[in-house]
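Visitor:
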Amino acid sequence: MSKLIPVIMAGGIGSRLWPLSREEHPKQFLSVDGELSMLQNTIKRLTPLLAGEPLVICNDSHRFLVAEQLRAINKLANNIILEPVGRNTAPAIALAAFCSLQNVVDEDPLLLVLAADHVIRDEKVFLKAINHAEFFATQGKLVTFGIVPTQAETGYGYICRGEAIGEDAFSVAEFVEKPDFDTARHYVESEKYYWNSGMFLFRASSYLQELKDLSPDIYQACENAVGSINPDLDFIRIDKEAFAMCPSDSIDYAVMEHTRHAVVVPMNAGWSDVGSWSSLWDISKKDPQRNVLHGDIFAYNSKDNYIYSEKSFISTIGVNNLVIV
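Here it is in structure tokens:
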């Protein structure tokens, strides 16, 4: 049985939730629903899978923050890949794939690629979908997880399913960009489209081979960058000059939209990418007036608000539908 290695993408800056999320402390390192940060929750929910130690990819400026959060949950094991410059998801995943092939006894591990800043409400359904997808990934398929849409949403890209290739698994007909509302409503009504979650499962070699065939410039730059890996305490440093030569592209554009081996596995697990204040309000615990209150807050005759304070006392009287940070 192939070893499963989680690859956690933690390099974002979380600009959509400013000022709660800031460049020096983006949302994946925040605790938005409980004591653990989003990064820590992403890793902890994988415990039942009995996977290998995660590979976490982040930028250099966040390295100590990531190390401390991994140490707090006993997951720090020389497993933090530092991106010297941001080059989007296709190169980042390539770095993890090359590193995984160098570092594990299993010659060709499965990589479970996850964002560090997503919320999953139904972890049993989430884990079941991963277990189901392993069969296709071991056969050389590049599996993406499509979120069963609950509403017409214009903030997500969509995946259109093709023919069924097994129970709850389909070929990918097309990836589509974020639609307007009428188009999104049509997608949902058709029951053939899923939200593009940005979560993937595939063999390290399968991804690298497709990347080599479809985006050879990215493949070559990443191969050069990991050719002289420099271990540094808990961090994995790659060649900065070589990686700086790498084109910047997403995994969707560089690989998934062009490969003949894409498979979509539907998932209905209470997923959110927490990409807006409204989505953060949706996933958070609320008082009887549907306010989300974090900190020393007094809300009188107020409803449907998101109010967050780390230090100051905040009082509201008769206000509705506000974000106060």
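Numbering-wise, the UniProt record's numbering puts 43 at position 43 of the sequence shown, and it's gapless, one number per residue. Every residue gets a Cβ at the ideal spot worked out from N, C-alpha and C, and that includes glycine.
1. Please report the straight-line C-alpha distance between Asn74 and Lys128, rounded to a whole angstrom.
2. Taking only the alpha-carbon atoms, compute the straight-line gap between Ala184 and Val176 and give it to the nearest angstrom.
3. Residue range of the alpha helix (DSSP H) that Val125 falls in?
4. Tell me where the beta strand (DSSP E) around Ser197 begins and ends.
5. Could you check if Val172 is buried or exposed, using at least 16 other CB atoms within 10 Å of its CB as the buried criterion?
6. Classify Ile73 as helix, strand or coil using the three-state DSSP reduction.
7. Using the rule of at least 16 other Cβ atoms within 10 Å of the residue's Cβ for burial, across every protein chain shown, is Leu4 buried or exposed?
8. Less than 8 Å between the CB atoms is what I'm expecting for residue 326 and Ile81, so what's the real figure, rounded?
9. Would you mind reading off the limits of the alpha helix (DSSP H) that contains Ile13?
10. Could you give the DSSP three-state label for Lys303: helix, strand or coil?
11. Please work out which residues of its chain come closer than 8 Å, Cβ to Cβ, to Lys44, disregarding the five sequence neighbours upstream and downstream, and give them in chain order.
12. Between the stretch 221 to 241 and the stretch 107 to 127, do three or more beta carbon pairs fall short of 8 Å?
13. What are the partner residues of Pro266, as DSSP defines its beta bridges?
14. Starting from Pro109, follow its DSSP beta bridges and name the residues at the other end.
15. Counting only the same chain and skipping the five closest in sequence on each side, list residues whose C-beta sits under 8 Å from that of Ser215.
16. Indicate the three-state DSSP secondary structure (helix, strand or coil) for Asn230 in the structure shown.
17. Could you check whether Lys141 and His261 sit closer than 8 Å to each other, using their CB atoms as the reference points?
18. For Tyr308, which beta-bridge partners are listed by DSSP?
19. Which same chain residues, not among the five before or five after Pro266, have their C-beta less than 7 Å away from its C-beta?
20. Give the DSSP bridge partners of Ile120, in chain order.
21. Tell me which same chain residues have a C-beta within less than 6 Å of the C-beta of Asn224, skipping the five on either side of it?
22. Thinking Asp117 and Gln40 are a contact (beta carbons under 8 Å), I'd like their distance in whole angstroms, please.
23. Which of the three DSSP states, helix, strand or coil, is assigned to Thr259?
24. If distances are taken between C-alpha atoms only, which option among Pro48, Asp60 and Gly52 comes closest to His25?
25. List the endpoints of the continuous beta strand (DSSP E) containing Asn59.
26. May I ask which residues mark the beginning and end of the alpha helix (DSSP H) holding Cys99?
27. Who are the near neighbours of Ile120 in its chain, counting only those whose CB is closer than 7 Å to its CB and skipping five residues on each side?
28. Buried or exposed: Asn321, going by 16 or more other Cβ atoms within 10 Å of its Cβ?
29. With H, G and I counted as helix, E and B as strand and the rest as coil, what does DSSP make of Pro48?
Guide: Let me spell this out:
1. For the pair Asn74 and Lys128, the Cα-to-Cα distance works out to about 25 Å.
2. About 10 Å.
3. Here the alpha helix (DSSP H) through Val125 covers Glu123 to Thr138.
4. Counting along the chain, the unbroken beta strand (DSSP E) around Ser197 starts and ends at Tyr193 to Arg203.
5. It counts as buried.
6. In the three-state scheme derived from DSSP, where H, G and I count as helix and E and B as strand, Ile73 is classed as coil.
7. Only buried fits Leu4, as 16 or more other CB atoms lie within 10 angstroms of its CB.
8. Summary: the structure shown does not reach residue 326, with the chain confined to residues 1 through 325, and so no result is reported for it.
9. Annotation for Ile13: no alpha helix (DSSP H) segment contains it, and DSSP assigns it neither H nor E.
10. The answer is strand: DSSP assigns Lys303 an E or B state.
11. Excluding residues within five positions, the ones whose Cβ falls inside 8 Å are Leu36 and Ile73.
12. Taking 8 Å as the limit for Cβ pairs, the verdict is that the stretch 107 to 127 does not touch the stretch 221 to 241.
13. Its beta-bridge partners are Gly146.
14. DSSP, once it has assigned bridges, lists no residue as partnering Pro109.
15. So the qualifying residues of the chain are Ala90, Pro247, Asp249, Ala254 and Val255.
16. The three-state secondary structure of Asn230, taken from DSSP, is strand.
17. Going by C-beta atoms, His261 is nearer than 8 Å to Lys141.
18. Tyr308 is bridged by DSSP to His294.
19. Gly146, Val148, Asp168 and Tyr194, listed in sequence order.
20. According to DSSP, Ile120 bridges with Trp271.
21. If we look at Asn224 and ignore the five residues flanking it on each side, its Cβ neighbours are Ala242.
22. The Cβ separation is near 11 Å, so there is no contact.
23. Thr259: coil per DSSP, three-state reduction.
24. The shortest Cα separation from His25 among Pro48, Asp60 and Gly52 belongs to Asp60.
25. It spans Leu55 to Asn59 - the beta strand (DSSP E) in which Asn59 sits, taken as one unbroken run.
26. It spans Thr89 to Asn103 - the alpha helix (DSSP H) in which Cys99 sits, taken as one unbroken run.
27. Around Ile120: Arg45, Phe126, Ala269, Gly270 and Trp271.
28. Exposed.
29. DSSP places Pro48 within a helical segment (H, G or I) once states are collapsed to three.
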